[in-house]
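All remarks here apply to the structure that follows.
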Amino acid sequence: MIFMKKYLLIGILFLVIFLSGCITDNFLENQMKKQKLERCTSDPISPDSCYYRVARTYNDSEICGKISNQNYKYQCLGEVNLDISFCNKIEPSGMEVNYRATCYYNIAINKRNISLCSLDTNEKVRQLCYINYAIKLNNNSVCSEIENQVSKDECLYWVTMSNKEVSNCANIQNQVERDKCYYSLAKSEEDESICDYIQDLDFRATCYHQFIEIKQDIRICKKFDTLHDKDWCYYKIAEIKEDDSICDDIAEPSVKDVCNKNVALIKKDSSICDKIQNEPTKNMCHEKIE
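Numbering (the working numbering), first residue to last: 372 to 661.
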């Protein structure tokens, strides 16, 4: 009997500790929510955005009611309650398109249900919903749900920027957008080989140019299509590396002379001046060093 009472007391003690912990947690959460709402009230710039964030954080639809912008309020109510009927109350015109699309998108993401994006009657809203959903889940197959090819290409571009899959750029139909995809990936990944896929010759050259000083690799120079770009590439790398032997690869004699002159001046080595073909340039090179 004594043992029974002992275990009963221990059980009651644990229950009290557990309940007091829950009460403390709830109290602290309510205090934090209260403090955040007070900051929203005194926010002179964007109190609505503040109320929206607090409502989403605590999943509290009552806080949505404090938002003055009616469309923003509907977005908040839709997302907190996971109810697209609130999204449908937002007029899909002007900036309100973003409120409505974001409302649909956030509910679709929360429910992991892409089909919700297709329910809106407004094409722009559907497209934005699909694009945001695809980016969030890093899934380019979602982009195929978009009817408009321009928006579909935009969707593929942003998903590719997220997952860094070079092969996804090839799915973009518009050449300009496809080239931009390769360029952006090459830059972000610091990989000049991705520039090889760019079709527009000038844009491809621009892509290679950004790696000349970064990589200092003469193999990049061989990738250029024009002699002018090749020569400029060799010239820059020769200067950076202070290596006159790289000047030898330059096709244009005047550029090669300038290359040798500059390297000679950097190294203060008059023997390099002797490689210059143009006599006035050669003499000037010797004079500056001696």
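C-beta atoms are modelled at their ideal positions from N, C-alpha and C, and glycine is treated no differently.
Cβ shell of residue i (< 7 Å), same chain only, five flanking positions each side left out
i: Val513; result: Ile485, Tyr501, Tyr504 and Ala505
i: Ile480; result: Tyr504 and Lys507
i: Gln587; result: Ile608, Ile611 and Lys612
i: Cys393; result: Below a pLDDT of 50, predicted positions are generally treated as unreliable, and Cys393, at 47, falls in that range; the measurement from the model is reported next regardless. Nothing meets the Cβ criterion.
i: Met313; result: No answer is possible for residue 313: the residues shown for the chain start at 372 and end at 661.
i: Asp414; result: Cys421
i: Ser616; result: none
i: Asp550; result: Ile569, Gln570, Asp571 and Phe574
i: Cys552; result: Tyr528, Thr531, Cys540 and Ile543
Residue j beta carbon less than 8 Å from that of residue i
i: Ile455; j: Asn442; result: no
i: Cys604; j: Ile591; result: yes
i: Glu623; j: Lys607; result: no
i: Leu556; j: Ile565; result: yes
i: Asn631; j: Lys646; result: yes
i: Asn519; j: Glu548; result: no
i: Ile660; j: Lys639; result: yes
i: Asp573; j: Asn545; result: no
i: Gln446; j: Tyr470; result: yes
i: Ile560; j: Phe582; result: A small fix is needed here, since residue 560 is Glu in this sequence, not Ile. Contact flag unset, no.
i: Ala472; j: Val451; result: no
i: Ile478; j: Leu448; result: no
i: Cys540; j: Tyr568; result: yes
i: Cys488; j: Cys474; result: no
Cutoff 8 Å; reference residue i; Cβ partners in own chain excluding five residues on either side
i: Ile637; result: Glu610 and Glu613
i: Val425; result: Lys404, Lys407, Leu408, Cys411, Asp431 and Ile434
i: Trp529; result: Ile502, Ala505 and Ile506
i: Met655; result: Lys632
i: Glu400; result: Tyr429
Contacting residues, own chain, Cβ-Cβ under 6 Å from residue i (five flanking each side not counted)
i: Lys601; result: Cys592 and Phe595
i: Cys618; result: Ala609, Lys627, Cys630 and Asn631
i: Asn534; result: Asn509
i: Val429; result: Before going further, note that residue 429 is Tyr rather than Val in the sequence given. Cβ neighbours of Tyr429 beyond the five flanking positions: Lys404.
i: Pro418; result: Cys411
i: Ser642; result: none
i: Glu516; result: Tyr501
i: Leu379; result: Unreliable positioning characterises Leu379 in this predicted model, as indicated by a pLDDT of 49, which lies under 50. The coordinate reading is nonetheless provided below. Excluding sequence neighbours, Leu379 sits near nothing in its chain.
i: Leu598; result: Ala622
i: Lys444; result: Cys435 and Ile438
i: Pro463; result: Arg471, Asn493 and Val496
Check your understanding: Taking the runs of the alpha helix (DSSP H) that are 4 residues or longer, which of them lie wholly in the segment 481-559?
Key -> 494-508 and 520-534
Check your understanding: At which residue ranges does the segment 399-472 contain complete alpha helix (DSSP H) runs of 4 or more residues, listed in the order of the chain?
Key -> 418-429, 432-435, 441-452 and 455-458
**Study point:** Whole alpha helix (DSSP H) elements within the segment 564-601, 4-residue minimum
**Key:** 572-580, 583-586 and 589-592
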